[in-house]
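Colleague: Structure in structure tokens, see below.
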Amino acid sequence: MNDLSDREERPERPVEADGTAHLFRALGKQIKTLREAAGLLQKELATRLNVGEDLIGAIERGVRTPQPDLLERADRILQARGVLLVAIPEVKEALKRARTRHPDWFRDYAEAEARSEAIHDFSHQGVMGLLQTEHHARAVFTKRRPLLSEEAIEKRVADRMARQQIFACWPSPTISLVLDQNLLERQVGGPEVHRGQLRRFLEVGQLRTVELQVVPFKHGEHTAMEGSFTLLHPKGWQQVAYTETYNIPNLITDPAQVRIFAERYGIIRAQALAPDESLALIEKMLGER
Numbered sequence: 013m014n015d016l017s018d019r020e021e022r023p024e025r026p027v028e029a030d031g032t033a034h035l036f037r038a039l040g041k042q043i044k045t046l047r048e049a050a051g052l053l054q055k056e057l058a059t060r061l062n063v064g065e066d067l068i069g070a071i072e073r074g075v076r077t078p079q080p081d082l083l084e085r086a087d088r089i090l091q092a093r094g095v096l097l098v099a100i101p102e103v104k105e106a107l108k109r110a111r112t113r114h115p116d117w118f119r120d121y122a123e124a125e126a127r128s129e130a131i132h133d134f135s136h137q138g139v140m141g142l143l144q145t146e147h148h149a150r151a152v153f154t155k156r157r158p159l160l161s162e163e164a165i166e167k168r169v170a171d172r173m174a175r176q177q178i179f180a181c182w183p184s185p186t187i188s189l190v191l192d193q194n195l196l197e198r199q200v201g202g203p204e205v206h207r208g209q210l211r212r213f214l215e216v217g218q219l220r221t222v223e224l225q226v227v228p229f230k231h232g233e234h235t236a237m238e239g240s241f242t243l244l245h246p247k248g249w250q251q252v253a254y255t256e257t258y259n260i261p262n263l264i265t266d267p268a269q270v271r272i273f274a275e276r277y278g279i280i281r282a283q284a285l286a287p288d289e290s291l292a293l294i295e296k297m298l299g300e301r
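All residue numbers for the sequence shown refer to our numbering, where the first residue is 13 and numbers rise by one.
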């Protein structure tokens, strides 16, 4: 992997360039038809599958990839008699190809992220892509300047959602996430979208494979006031750091520079609330405590 700081962004590829969009839209329509035939609401199916209602909605719209094990359970619950099972080989192949779906300037990072044994992120100005809900991501891309076409927005939302399959991988990478409290306050997309984003923080933070912490306002200044960054440890590679400003990426491989980011991350974690305190703060903001 090379430093990307001097690479120019090239035009987006068409939405269908990787050949998977049609598959997921068709699969989503099948799941919706089967669900409705079974007389179930999205919330009811989500409960039976032990997943979030937002995930079912995103799958039915074709913007989120259903994992093979979810298809197996859905086939049984919806009494689909193998209709969903036959799509599993194609879904597995699509997941292998997902790393090629991102903009050129972002692709090296996406590939490193997908094969990482450890991911550590500090988010300051904006919510990292792995944590964003579909509605939050769409709100962010809609406000992007220069303006993106509707087609480009939908592609980028779908690509961002596809990255989140990493939470379902087993064995899971080691994942730790630190959020500045301002991300809990800024209502991107409006109040309802924001509440959905807070619930997403809780959902991810409650995974046993993830440690999520919040740096509260009351702690004042901290060691990473300059901005967000991510530390990755791709399998077979040394640890790397990544920063991004206005779509200008910087994948840092120099050990001396990476060590500086690692030191900052260790200190910022020490300055943050403990994971259980962090989740309690989010629940309080949602009115659930």
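Virtual Cβ for every residue (Gly too), placed ideally from N, Cα, C.
Using 8 Å as the threshold, is the C-beta distance between VAL152 and VAL200 below it?
Modeller: yes
Colleague: With three or more C-beta pairs closer than 8 Å as the rule, is the stretch 200 to 218 touching the stretch 141 to 149?
Modeller: yes
Colleague: In three-state DSSP terms, what is GLU256?
Modeller: Look at GLU256 here: in three-state DSSP terms it is strand.
Colleague: Going along the chain, which residues of its own chain have a beta-carbon closer than 6 Å to the beta-carbon of ARG85, five neighbours each way excluded?
Modeller: LEU61
Colleague: Could you tell me whether the stretch 191 to 199 touches the stretch 251 to 268, using the rule of 3 or more Cβ pairs below 8 Å?
Modeller: no
Colleague: Would you kindly work out how many angstroms separate the C-alpha atoms of ALA292 and ILE280, rounded to a whole number?
Modeller: 19 Å
Colleague: Which stretch, first to last residue, makes up the beta strand (DSSP E) that contains HIS245?
Modeller: Boundaries of the beta strand (DSSP E) around HIS245: 241 to 246.
Colleague: State the start and end residues of the unbroken alpha helix (DSSP H) segment that holds LEU189.
Modeller: Looking at the DSSP string, LEU189 is not in any alpha helix (DSSP H); the run it does join, the beta strand (DSSP E), is 186 to 192.
Colleague: Tell me which same chain residues have a C-beta within less than 8 Å of the C-beta of LEU67, skipping the five on either side of it?
Modeller: Only ALA58 and ARG76 meet the Cβ criterion.
Colleague: The beta strand (DSSP E) that contains PHE134, what's its start and end?
Modeller: For PHE134, the uninterrupted beta strand (DSSP E) segment begins and ends at 128 to 135.
Colleague: Bridge partners of VAL227, per DSSP?
Modeller: ASP192
Colleague: Between which two residues does the alpha helix (DSSP H) containing SER290 stretch?
Modeller: 287 to 297
Colleague: Given 8 Å as the limit, is there contact between the stretch 241 to 252 and the stretch 270 to 278, that is, 3 or more CB pairs closer than that?
Modeller: yes
Colleague: Using CA coordinates, which residue listed in GLU125, ARG276, ARG47 and GLN144 is at the minimum distance from GLY239?
Modeller: The candidate whose alpha carbon is nearest that of GLY239 is ARG276.
Colleague: For ARG175, count the other beta carbons within 10 Å of its own beta carbon; 16 or more makes it buried, fewer makes it exposed. Which is it?
Modeller: Buried.
Colleague: What three-state label does DSSP hand LEU263 in the structure shown?
Modeller: strand
Colleague: Give the secondary structure of VAL222 by DSSP, where H, G and I count as helix, E and B as strand, and everything else as coil.
Modeller: strand
Colleague: When the Cα of PRO80 is compared with those of ALA164, ILE131, ALA180 and ASP120, which residue comes out closest?
Modeller: ALA180
Colleague: Whole angstroms are fine: how far does the CA of LEU90 sit from the CA of GLY51?
Modeller: 10 Å
Colleague: Return helix, strand or coil for ARG47, following the three-state DSSP convention.
Modeller: helix
Colleague: Count the other C-beta atoms from every protein chain shown that fall within 10 angstroms of the C-beta of SER128, then say buried if there are 16 or more, exposed otherwise.
Modeller: buried
Colleague: Who are the near neighbours of ALA286 in its chain, counting only those whose CB is closer than 6 Å to its CB and skipping five residues on each side?
Modeller: none
Colleague: In angstroms, rounded to a whole number, what distance separates the CA positions of SER184 and VAL216?
Modeller: 13 Å
Colleague: Ordered along the chain, which non-local residues of its own chain (more than five positions away) have a Cβ less than 8 Å from that of GLN283?
Modeller: Excluding the 5 residues flanking it on each side, GLN283 has same chain C-beta neighbours closer than 8 Å at VAL227, HIS231, HIS234 and THR235, in chain order.
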